[in-house]
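The structure appears right after this line, and notes come after that.
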Amino acid sequence: MAPRSSIAFLLAFAALCSLQLCEVSDDLDQTKSEPEPFTEPNQVPVDEKLEKPGEVPPIVSYSDPIEESHDDKQWQATEEEAIAKPEPDEEIAPLSTFKDDFKEELVLRPLHSGDIYASFQFRTLWDTDFLQGKRVSHYHLFPKSLGQVISKFSVRELHISFTQGYWRTMQWGQPYLPSPPGAELWVWFQDTVTDVDGAWKELTNVLSGIFCASLNFIDSTNTVHPSASFKPLGLGNVTDPRFLRYAMLPREIVCTENLTPWKKLLPCGTKAGLAVLMKSEKLFHSSFHSEAVHIRPVCQDVDCKAPSWELRQTLNVVFDVHTSGQGKKEWSLFKMFSRTLTEACPLASSSKVYVDVTDNPQGELFELLPASPLLTQAVVLGDRRTYSVYDLTNKDTFGSTRSLNLLVRWKADSGEMVRPLLHSERYVAGFGLQTGEIHTLIYNYHPYRAFPVLLLETVPWYLRLYIHTLTVTSKNKENKPSYIHYQPSKDRLRPHLLEMMVQLPPNSVTEVTVQFERALLKWTEYTPDPNHGFYVGSSVISALVPSMVAMDTNNTQEQPLFSSFFPCKEESSYFVRIYTEPLLVNLPTPDFSMPYNVICLTCTVVAVGYGSFYNLLTRTFQVEEPSPGLAKRLANVIRRWRGVPEL
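Taking full-length UniProt numbering, the leading residue of the sequence shown gets 1, the next gets one more, and so forth.
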């Protein structure tokens with residue numbers, strides 16, 4: 001009876017399982033036919049208002065709502081909350097709820113000096129929110145390494161740049177995105193961070209590994225938190241300077257080991273798109289080279305109900321055609337980069353090349369080949385510029401050769417360049433190695449408009465400022481600053497921080513002077529080449545400069561990437577940030593060869609004296625008999641042969 005009962009039990013169990021499988025399949029079919037509505041996990045409630053960039057005072061915030069991309073490409077991402085005890089029947093948000101968008105641009109601008117300015121702009125826009133404390137488990141176009149950094153260290157904004165060379169404003173004009181020589185890093189943390197200094201220290205070490213740079217040398221001796229400069233460029237509910245950290249390494253050397261990880265952050269790398277032109281040998285054989293990464297939260301749409309994260313990578317290069325032997329009257333993509341463009345990045349929704357033809361309206365200055373029928377205008381740095389546009393997503397752009405090699409043949413000299421309205425210089429004066437003066441000159445070339453500027457000075461602790469000697473003069477008259485913030489230094493702990501707002505009269509030169517005293521360092525604090533000098537970081541000048549033309553304040557209209565990083569809120573002015581030259585200061589330096597000379601002399605004296613004394617103590621003296629003559633020696637030989645005792 002037992003075997004029969006077992007067989008009956010197995011048959012009943014199989015029937016029950018088949019019935020349950022049928023029910024599950026019916027449920028799956030019903031789910032596919034009628035999907036349930038879902039709520040985006042990163043959607044901000046309607047009643048919760050985000051602070052729009054336009055609501056921030058103009059001198060302290062420069063951000064804009066970035067409109068949502070309307071391309072057809074979507075990618076899949078999942079975002080899950082860190083729940084201690086997940087439920088088995090938990091609903092997972094569909095993978096298609098998030099989108100990201102990638103655009104790339106190259107701007108070529110012939111300079112009046114005969115050089116060529118090439119500016120690469122790459123933007124990755126991701127419709128997700130790191131600020132809600134959620135973990136993102138899937139990345140598509142946005143680099144995972146940077147996304148994890150934002151999540152782990154609660155970063156709200158991150159701006160980093162590596163620059164080799166100095167931008168010559170009076171010869172080249174204003175750059176699209178300025179940067180100081182060396183390395184610059186400034187970060188806004190979220191207001192939930194309790195230990196900002198600890199997070200800043202860990203973040204610099206992580207970024208040092210990501211970009212293969214010396215950012216791990218950033219510490220409290222070269223870090224400041226300005227109170228008025230470097231306000232958030234994106235959505236900024238946090239404006240407390242306690243959550244801001246700014247540092248600069250003016251001695252940082254930029255080379256290929258910094259460019260390689262930067263290029264790997266691009267969705268297509270250097271395999272396709274504009275990045276194929278980034279050949280290290282050509283990029284670093286230039287007069288100026290600067291690469292930067294900017295991360296900030298922006299608005300998804302005009303209503304700004306939900307944030308997106310924008311990653312903008314920029315690369316600015318100035319090619320000196322005189323030293324490269326290319327000639328001033330002709331240049332091309334192949335001559336500058338040793339490569340040509342063959343296709344756009346497949347992951348890019350927009351891939352364009354802009355050539356500035358503002359000074360060549362009728363083609364009398366130079367000839368551009370191949371000619372483009374598409375022209376566009378954009379207001380850049382207070383000036384309306386005209387560009388020839390080449391759309392790489394259109395196959396007709398490459399022609400029959402399937403390659404785009406822009407060629408410019410000059411027909412006449414470019415003429416004189418219009419001076420920029422704002423310019424600055426800085427130098428060290430004085431003699432000797434005890435005291436000196438720092439002079440900062442700020443030029444306002446506007447013929448009839450005065451405007452204020454915000455000056456930021458960061459001076460190392462070993463240059464002890466005499467703040468009572470601070471003077472500001474314009475047109476040989478005292479110009480009293482309307483705002484001053486000064487934080488004195490502490491030896492080996494923090495640098496000097498000086499911020500001031502100065503009104504620049506029209507068509508004038510404003511001079512800021514302060515005296516300092518050089519400190520004597522410990523012998524272990526000197527660099528391996530102390531006679532080269534010690535670098536002082538560049539001064540930072542921020543201002544709303546009056547515009548010669550009406551600025552475009554329509555943020556809903558799509559604009560080129562190179563003209564939309566510092567969007568304007570007023571038609572009469574635009575924001576600009578410039579950097580002065582870094583300073584090279586000599587400090588009292590001991591003769592580091594003297595210890596070597598003393599050691600050599602001492603060792604020589606000790607060796608001679610000790611050797612003689614040791615010989616006197618250990619040597620034994622014996623009396624030696626005079627040696628016999630030749631006849632006696634022969635006689636002794638004969639006597640030994642005969643067996644007779646010797647003489």
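By construction, the Cβ of each residue, glycine as well, lies at the ideal position given by its N, Cα and C atoms. Keep in mind the model is a prediction, meaning the values are calculated, not measured.
- By the neighbour-count criterion, in which 16 or more other beta carbons inside 10 Å mark a residue as buried, Asn-205 falls on the exposed side.
- C-alpha of Lys-305 to C-alpha of Thr-124: approximately 20 Å in a straight line.
- Looking at the DSSP output, Ala-292 shares a beta bridge with Ser-161 and Thr-314.
- Taking a contact to require three or more Cβ pairs closer than 8 Å, the segment 172-187 and the segment 147-162 qualify as touching.
- Of the residues assessed, Leu-601 falls on the exposed side of the cut-off, its CB having fewer than 16 other CB atoms within 10 angstroms.
- Taking C-alpha positions only, Trp-331 is separated from Val-321 by approximately 8 Å.
- Look at His-532 here: in three-state DSSP terms it is helix.
- Scanning its chain for C-beta atoms nearer than 8 Å, with the 5 sequence neighbours on each side dropped, one finds around Arg-409 the residues Lys-329, Glu-330, Phe-366, Glu-367 and Leu-369, in chain order.
- If you draw a 10 Å sphere on the C-beta of Asn-597, you find fewer than 16 other C-beta atoms in it, and that means exposed.
- Across the structure, Met-170 and Pro-481 are spaced so that their CA atoms are roughly 26 Å apart.
- Looking at Asn-507, Lys-103 and Met-248, the one whose alpha-carbon comes closest to that of Val-536 is Met-248.
- The Cβ-Cβ distance between Ser-542 and Leu-454 falls below 8 Å.
- By the C-beta density criterion, Phe-431 is exposed, having fewer than 16 other C-beta atoms within 10 angstroms.
- Taking a C-beta distance under 8 Å as the contact criterion, Leu-497 and Tyr-486 qualify as a contact pair.
- Three or more pairs of CB atoms, one per stretch, sit closer than 8 Å, so the segment 338-346 contacts the segment 258-273.
- Around the beta carbon of Arg-639, a 10 Å sphere encloses fewer than 16 other beta carbons of the protein chains shown; the residue is thus reported as exposed.
- The segment 235-302 contains, as complete alpha helix (DSSP H) runs of 4+ residues, the segments 256-264 and 280-283 (chain order).
- Per the coordinates, the alpha-carbon of Phe-122 lies some 38 Å from the alpha-carbon of His-532.
- In the three-state reduction of the DSSP assignment, Ala-412 falls in the coil class, being assigned neither a helical nor a strand state.
- The three-state reading of DSSP puts Asp-101 in strand, counting E and B together.
- By the C-beta density criterion, Met-336 is buried, having at least 16 other C-beta atoms within 10 angstroms.
- Taking the Cα positions, Asp-197 is about 13 Å away from Asn-222.
- Contact check for Asn-405 and Leu-333: beta-carbon distance about 5 Å, within the 8 Å limit, so the pair qualifies.
- In the three-state scheme derived from DSSP, where H, G and I count as helix and E and B as strand, Phe-562 is classed as helix.
- Under the DSSP assignment, Asp-197 falls in the alpha helix (DSSP H) whose first and last residues are 196-210.
- The straight-line gap separating the alpha-carbon atoms of Tyr-176 and Leu-233 is approximately 15 Å.
- For Met-501, DSSP records a beta bridge to Leu-454 and Tyr-483.
- Taking C-beta atoms under 8 Å as the contact rule, Ser-290 and Ser-179 qualify, at a distance of about 5 Å.
- For Ile-218, no beta strand (DSSP E) segment is defined, and its DSSP state is neither H nor E.
- In this structure, the beta-carbon distance from Pro-346 to Leu-141 does not fall below 8 Å.
- The C-alpha of Val-107 lies about 45 Å from the C-alpha of Thr-469.
- Straight across, the Cα-Cα distance linking Leu-207 with Gly-363 is about 47 Å.
- Of the residues assessed, Ala-371 falls on the exposed side of the cut-off, its CB having fewer than 16 other CB atoms within 10 angstroms.
- Going by C-alpha positions, Lys-152 is about 32 Å away from Trp-461.
- Only buried fits Cys-299, as 16 or more other CB atoms lie within 10 angstroms of its CB.
- When the Cα atoms are used, Glu-252 and Thr-128 turn out to be separated by approximately 34 Å.
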